[in-house]
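Counting from 38, one number per residue, gives the positions in the sequence shown under my numbering. What follows is one structure encoded as C-alpha cells, with my remarks underneath.
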Amino acid sequence: MGEDFNWLVESKEDRSMKTINLKYSVEKPNLDKGLEKHYNSVVVPGLSNSNIPGEPSVPFKTASILIPYGYEIKEIKVVPGKEEYLGNAYIEPGQEPVPVGQIKRSFADEELTPPDERIYASEEPFPREVYSVAGIQNKKGYKILYLNLYPVRYIPKTNDVYYFDKFNVAVKTVAQRKLDSGSFRDLPQDRNEVSKMVDNPEHISTYVSDLKLTESSPLLDGQYDYVIITSQALRDAPGPHNFTALASWKNSKGINSTIVTVEDIYTNYPGMDNQTQIRNFIRDAYQNNSLEYVLLGGDADGADVGGESGDNIVPVRGLWAANSECNPPNIASDLYYACLDGDYDYNGNGIYGERYDGINGGDVDLLAEVYVGRAPVDSPEEMNNFVMKVIDYESSSEDPYINEVWMVGEYLGFGGISDWGGNMKDEIKDDSCANGYCTVGFPNDYSKSTLYDRDYSGNNWPKSELISIINSNIHTINHDGHGSPDVVLKMSCDDVDALYNNKYFFGYSQACYSGSFDNRDFDTTCGYLDSDCILEHFVTSPTGAFAFIGNSRYGWGYRYSTDGSSQRFDRQFWDAIFGEGIVNIGRANQDSKEDNLGSIYERNSMRFCYYEINLLGDPETPYLSPTSLEHDIEVTSMTLPAHLKVGEIAEISSVVSNKGSNDESNVEVQLLENGDFLESQTIPLLSIGGSTYVNFTWSKDSEGDYSITVYAVPLVGEDYTSNNQKSKSISVSGTDILLVDDDKGKIYETYYENALSANGYDYEKIVGSPTLDDLNRFKCVIWFTGDDYQTSLTTGDQANLAAYLDEGGRLFISGQDIGYDIRSSAFYSNYLNAQYARDDTNVYTLEGVSGDSISDGLTISITGGDGAGNQIYQSEISPINDAVPIFNYLGDGCGALRAYTETYKVIYFSFGFEAINDASDRNELMGRIISELCGGYNYKYSMYYPNFTDTSIPESWCSQLVLQNLANSEANIYIELRSGSGDMLYEGNDTIAARGVKALSPKTLATFDCNGSATVKSDQVLMGICTINSNDNDMGMSYEAFNESKTDLILPYVTDTDDSAGSTTWMIFQNPSDTESDVDIGLTSESGALSYTDSITIPACGSTAIRPKSIVGSDFVGSAVVTSNQPITGVCYIIGNNNEMSMSYSAFT
C-alpha cells in the first residue's frame, strides 16, 4: 500500500511513541570515466546509481525499515557522518532509456541526454537532501518505510564532489488513533517472509493480533494455498490434462488447490468491472482462506479483430507508466491481481497505476500479497498443452536435461559494452557485482552454454541454430535481444509451432512486446493484432516452453552500459532463485521487482518494467536443480582459435569431466570436422568428479569456414548426452592481414575495408578484442577504435598487443581518443612510443613529411568529403624514444608517427583514418602503410653458425645444418653464407613445413666450395644443429623430427666402440619445452641378448649429449629407444674412429 507524507503533522495529544534507530555505512566513492570524455561517473561499491534523465547520476542506498504494528510515522531524521572532499568532477547526467525493440538501428549514433542546465548551473548541492522517502508500502499487512540515502553531495556549478561514509537514521513513530489491520493475517509464513526484507527484523515481534478469522470466501470451503481462476467452459473441458488435473497434481504435492470460475466471481463479488470483481475475490481468499498462489487460467485479448483474437477469459488490468506508451498508457499487467491494497485508481480517472493512485493519494501497492501467473489459454487444446507441460516439468527433477541452460544474446546497437546482449547475459550466467550491486548467477552444477552474436562468426547467429538447440531438449533460455509481438529469439510464431522438443524449457527474455498477451501491437497505432503473441505460442503449444517471463510492452536498456532497467529485474530474478533460495518462479518474479523497489523512484523506466514483466506460467512451479547421474561424461570446455592460416596447425584443447557417480574407464573422445570423424583418443580412467585435458591438432589446406567438434562417445548406460560435445567455428584463410573492428558498434570499418580492397589485399576481420593467439596468426594488424574514449584499448588489449609486438608484430592503429584514454599507460609510451600532448587540436588538415616512405607528398583533410566526418577530438602527440613524425597538423603539432625497433613496427594515427575526406587519399595511404608494414617476411628469430664449411678438398671438412621448425605453421627462412673475410657467398629464402625438418649444406646452396659462416633467420621458432666432419671418413647420421604427440624416439643403429675400425656415437637430445624433460634411454644389443637403461633430465629449452658406451660401460653395438615425458628431438651421430672429426651444435633459445 502506498502512502503519502501529507498527514505527517505532530499531534497535540500525548500518545505513546517509539523511535527506531539504525546505522548505515557505505564505502568511499570512486570517480571513473563517464559516458562521454568530459563526464565523470561517481561510483560507490555495492550501490546503484540514480538515472533521472538530465539530472546528475548519483549513488543511493535503499533502507527498508519495518514500522512497529499499530504505529505510524511522525518524524524522520537522517544525520550523515563527516563530510569528506572527494575531488572535482563533471558528473554525468542520467540518460533516457532505449527500447530493446524489433528495429535493429544503432542508438550509439544518437545524441546523449544533455545535462539539465537548471541543475548544472546551480550552486545548490545535489541532491539537496541526504535522503528521500521512496515510499511506504504494506507487505501482507507489515508496514515498511523505504528511504533512499545519498552518500554523495555534488556542487554542479563548481564540480566539487563530497561524500559521507555513514548515516544515522531515526524514525519516530506514534500509536495510531485507529488500528487498521489491513492485509495482516498473523501467519508464520508471512512473518518469515517479511523478516528477510527489512533492516530491523527485531520489530517483527510487535506484529500480533487478537483478531480471529471467522469468515471465509463464499466460493471456498476451507484453506487453500493455490487457486485457478478460469471460465466455466475451461473448468469443465475434458482432459486428460485439464485444470482439474492440474489442481489434483498440486494437491498430490501437498499444495491445497481448487478451481474458481469467473462466472461465480461475477455473481458473488461487487466491483465496477470484471477486473475489480476478480481482485476482490482474490483479496477475500487471501485474507480469509490463506491464499498464496493464483493461476489466471485464460487469455486476455484486448480486442476482437479476428484470427486468434477476442478471447478475454480472465481480463487483464492495463496500468499506467511514464515512458513511450499510448495515451492513455495501457500496460498489460497481472501485478494488479498480486498487490491487493487500495484500488489502484485513487483519483478515479480510469487510468490505473499512476504514481499517486494509492491509498490517500500515496503510491500504489507494489508489494505482493499473493503470487500470480497466467495460463494464456483460449481453448481446451491449449489448456491441455499448458497443463501437460507444467506437470511434466514438475515431474522431471531427476531428468538430466535439467542440467542444460543457455544464455542467448543478440546485437543491440546501444553503443560500447551495451552493443551486445551477451555482455548482459554474462552478468547472469555467473555471479556479478557489475554496476554497483551483486547478484548470484547460475551455479556450476548446471551445464552453462552461450549463443551470442558477439562471439558468433559474422556476429549474427542464425535462428536455425537455436531451434536445433531447443529441439535437443534444454532446461532454460535466458535472452537479451530484439523482439515484437510475433518475434523473439529471432524466431516467428510459425517457428515456435514447428518445434518438436519433448522436454520443456523455462524462458526469460528482455525483448520488447514479445509477452504482449493482450495482443497489443508494437507500432504507434496502439491497435490490436489478430494473433496471440509469441510467448503465448511458446507456452500453449504442445512443445516449446512450460513457462516464460517477458515484457508485455517495451524492454529497456541504456547506451554504453549494461545497467539497463530490464537487466536489473533479470539479474534479481536469478539472484532470488540461487542467492535467496526462492525457487517458486512466481515468487522469484515478484521478488525481482521488490528488490528493485527503491529504484523505481530514481528511474521512470523501472516502474514501467515493474508493471510489464509478467509470468506466463504457473507461479507455484519450482525451478529445478540438477541431480547427479550414474554415468555423465561432459566436454566441459574447448579452446580453438577463431582464425587460422592455410596450412597452419591449430591446437585444440578440451577439458573432459566426469560428473556422474561412477569412476569411468576407456572414455573415447573424438575430433569431428563438420560432423565427420577425424581421430580419437582414449582416457584410460576418469574418476568421479575428475577432469582431464584432451588435446588435438588440426589444419586445413584450403580456405573456408569449418565446424570443429570434440565429442565424448556416450558410455554404456549414459542416457544424458547433451553435454557430451562442444563445437566451435574456425575460419581458414591465407591472408597475413588482420583488421580489428573496435569502434564499439559504429560502421567505420567500411573505410578500412574499401581501402584494403582497392589495393588488392585480402584480410580477416575480428569485431571487438582479439586474443593474443588471434594476433599472432597475422603478420600485420590494422586496429581502429573510432570515437571510443573510454575503452579504446582495454588493459587486456594492451597486454595482448604488447606481447604480439614483442614477438615481432607489425601494427597500424588509428583513433582520435586513444591517447586521451590510455595516455598514462606503459603501453602508450613504451610501445606506441608516444606522449599525449593535447586533446582537440581543432585543425583538420595534416601534411606529410618530405622524403617519408608513407606520407611524402600527401596532404590530407579529416573533415567533410566522403570521410566519416567524426573528428571532434583529434589529438596532438609527440614522438618519443626513437619514433618519428609522419604527419603534422598544418602549422601545429604531430598527428601521426612511426616507431620501428629491431623487434616490431608501429604506425600510430592520433586521428581517425576513416575521416580522411577523399577515397583516393585513403587508398593511397593504406597501400603505402601495408606495403611497408607487411612487405616481405617478418624474420623475428636468428641463429649464427661461425664455422660452416663445405669443400671437395681431401682432408678438409663438410658441414650439414639440420633445421627443425617447432611451430604449428610454416616457417619462412632466410639463409646467408659469408666467407671468412665477410664477403657474401650466398643468400636466399626457403620454407620449412609446420613441425617439419630441412637439412642444408653450403655446397648445395652455393653450388661451389664454401668456407666461412652461416646466418639463418626465420619468422618461426627453429632449432638448429650443425655437424662438421672430415671428407676422408664415413659418417652416418640419423635423426627423427620432433612431433607434438610423439615422445618416443627409435634409433635403429647405434655403435660405440674403441677399435680403430669401429665408430664413436653421440646421441644429442634437444628439449624445446619451457619445462624440464625426464628421459629414459633403453639400449638393446645387436643380438638382442643384452639390454641397458639410463635416465636423464634435460633442462627447459636445453640439450644433452651422451655416449651409449657411458651407459653400458663397454663397447656397444645395437639399437636405442628413447622415451620422454614430453616431446623432444634426438640426433644420433656415428663417426669412424680412424679420423679426426669436429662436431658443434647450436640450440635455439
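Note that CB positions come from ideal geometry on N, CA and C, so glycine has one too. Computed from a predicted structure; not experimentally measured.
Between the stretch 291 to 303 and the stretch 373 to 392 there are fewer than three C-beta pairs closer than 8 Å, too few to call the two in contact. Within the stretch 1002 to 1033, the beta strand (DSSP E) runs of at least 3 residues that lie entirely inside it are, in chain order, 1008 to 1016, 1021 to 1029.
For L1022, the closest C-alpha among the options R1032, Q1001, T1052 is that of T1052. Runs of the beta strand (DSSP E) spanning 3 or more residues and lying entirely within the stretch 380 to 450 occur at 408 to 411, 441 to 446, in chain order. Proximity of the stretch 862 to 876 to the stretch 910 to 925 meets the contact definition, three or more beta-carbon pairs being nearer than 8 Å. By the Cβ criterion, the stretch 510 to 526 is not in contact with the stretch 642 to 649, since fewer than three pairs of Cβ atoms, one from each stretch, lie closer than 8 Å.
Ranking K287, G398, G932, Y408 by CA distance to the CA of R320 puts Y408 first. Within the same chain, and ignoring the five residues on either side of Y261 in sequence, the residues whose Cβ sits closer than 8 Å to its Cβ are N293, S294, T295, A322, N326, S327, L328. Around the CB of V921, fewer than 16 other CB atoms lie within 10 Å, so the residue is classed as exposed. Pairwise C-beta distances place the stretch 334 to 350 in contact with the stretch 407 to 427, as three or more of them are shorter than 8 Å. In the DSSP annotation of this structure, the continuous segment of the beta strand (DSSP E) that includes L186 starts and ends at 179 to 186. A residue is called buried once 16 or more other Cβ atoms fall within 10 Å of its Cβ, and P93 is buried on that count. Take G219, set aside five residues on each side of it, and the residues of its chain with a beta-carbon closer than 8 Å to its own are M38, N175, G178, D378, in chain order. A Cβ-Cβ distance of about 6 Å is found for the pair A212 and G107, placing them in contact under the 8 Å criterion. Straight across, the Cα-Cα distance linking V731 with A625 is about 40 Å.
Taking a C-beta distance under 8 Å as the contact criterion, F714 and D773 do not qualify as a contact pair. Here V943 is near L842, since their CB atoms are less than 8 Å apart.
DSSP lists C817 as the beta-bridge partner residues of I774. Per DSSP, the beta bridge partners of K176 are Y179. Judged by DSSP in its simplified three-state form, Q312 adopts helix.
With a cutoff of 8 Å on beta-carbon distance, L677 and I689 are scored as near each other. Burial is judged here by how many other beta carbons sit within 10 angstroms of a residue's own beta carbon; I725 has fewer than 16 and is exposed. Annotation for C475: no beta strand (DSSP E) segment contains it, and DSSP assigns it neither H nor E. Close CB contacts of Y187 within its chain, under the 7 Å cut and outside five residues either way in sequence, are with V95, F97, P164, V167, Y168 (chain order). In the DSSP assignment, P225 falls outside any beta strand (DSSP E) and lies within the alpha helix (DSSP H) extending over 225 to 232. Contact between A405 and Q627 holds, since their C-beta atoms are separated by about 5 Å, short of 8 Å.
Scanning its chain for C-beta atoms nearer than 6 Å, with the 5 sequence neighbours on each side dropped, one finds around G458 the residues G446, E447, L449, D517, G518, in chain order. Taking the C-beta atoms as reference points, C1063 is found no nearer than 8 Å to L1014.
In the DSSP secondary-structure assignment, P136 is bridged to W593. Contact holds between the stretch 428 to 445 and the stretch 499 to 513, because three or more Cβ pairs, one in each stretch, are under 8 Å apart.
Nearest neighbour of V245 by Cα position, chosen from G259, E464, L224, turns out to be L224.
Under the three-state reduction of DSSP output, E73 falls in the coil class, being neither helix nor strand. Straight through space, the alpha carbons of N837 and A471 are spaced by roughly 24 Å.
According to DSSP, residue pairing for G124 in a beta bridge involves V198.
Beta-bridge analysis with DSSP links N695 to I670. A369 places its beta carbon 8 Å or farther from that of S551.
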